[in-house]
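To start, the structure under review is shown below, and the notes come after it.
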Amino acid sequence: MTGAVVNTDPRGPTGYAEVRRLLSADFARVLRQTTGGKPTSRLRRLMHLTLPAMQVAIFHRVAHLLHGHGWRRCAAAVSDLSLRLTGASLHPGSPIGPGLFVPHPARIVFCGSAGIDLVLLPGTLVGPRDWVFPGAPFPADAPRLGDNAVVGAHAAVQGAVTVGAGATIGIGVCSLRDVPAGTVTMVAQRQIRSRSDVPEGGDAV
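Residues 133 to 337 (the numbering used here) make up the sequence shown, in order.
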């Protein structure tokens, strides 16, 4: 996984300073994505803390800290609260680098490791082949995503696979194999023709 920056320490962040650093990077990413890098007022910047993308990051960083200190039930409770309020379920044991961005956290399930600037779009599923509850230990067969990875809407990455740095999993793709760095995985579109174009006795594709 070229260029991946993943915290592989199962304990997660060791203190509040690390959590603040991660949240600061997440907040900067949300601002950059929503404002296009244009300067904004202090009040408007603070209002970005209420965006669902930022709420997902806050819940996960707190849950990951609790999980790393062995408070798995508390971490699971925070993860469940995130699911109820935002629609995103991120396993508390998932180490995710700074710059997490979940623009529309609807029906998102994530249980894996990731580098910096991870993007999760609606309806994504990233995790091992078997379901893992938030209060359970982090599984060894979870997917590993590199820096700047993007998981498209309604896409799935399952099993002990590696997604290289800068790779994009396209819309509706189910990836069960390793994805090379810098590539885009897409579903081949079938040709759709109208009935008027189909010769008599033929079937539309």
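Just so you know, even glycine gets a beta-carbon here, dropped at the ideal spot from N, CA and C.
query, result
"Three-state secondary structure (DSSP) of residue 197", "helix"
"Sub-9 angstroms separation of residue 284 and residue 297 beta-carbons", "no"
"Residue environment, residue 178, which counts as buried when at least 16 other CB atoms sit within 10 Å", "exposed"
"Contacts around residue 162, its chain only, beta-carbon distance under 8 angstroms, and the 5 residues preceding and following it disregarded", "180, 183, 185, 186, 189 and 233"
"The region 264-276 / the region 223-231 touching (three or more Cβ pairs under 8 angstroms)", "yes"
"Rounded Cβ spacing between residue 191 and residue 214 (contact assumed at less than 8 angstroms)", "4 angstroms"
"Residue closest to residue 220, alpha-carbon to alpha-carbon, out of 254, 309 and 274", "254"
"Cross-strand partners of residue 246 (DSSP beta bridge)", "228 and 277"
"Residue 156 - containing beta strand (DSSP E), residue span", "Looking at the DSSP string, residue 156 is not in any beta strand (DSSP E); the run it does join, the alpha helix (DSSP H), is 148-167."
"CB-CB length for residue 304 against residue 316, believed under 8 angstroms", "Their Cβ separation, rounded to whole angstroms, is 13 angstroms, which puts residue 304 and residue 316 out of contact at 8 angstroms."
"Through-space distance from residue 154 to residue 172, alpha-carbon basis", "22 angstroms"
"Simplified DSSP assignment, three categories, for residue 303", "coil"
"Burial state of residue 306 (16 or more Cβ within 10 Å)", "exposed"
"For residue 191, the three-state DSSP class (helix, strand or coil)", "helix"
"Three-way DSSP call (helix, strand, coil) for residue 222 in this model", "strand"
"CB of residue 281 within 9 angstroms of CB of residue 299, strictly", "yes"
"Residue 234 in three-state terms, based on DSSP", "coil"
"Candidates 252, 251, 271 and 250, of which the one nearest residue 260 by Cα", "271"
"CB contact flag (residue 244, residue 276, <9 angstroms)", "yes"
"Spatially closest choice to residue 312 from 197, 295 and 237, by CA coordinates", "295"
"Other residues of its chain near residue 309: CB distance less than 7 angstroms, five sequence neighbours each side excluded", "293"
"Bridge partner(s) assigned by DSSP for residue 288", "257 and 306"
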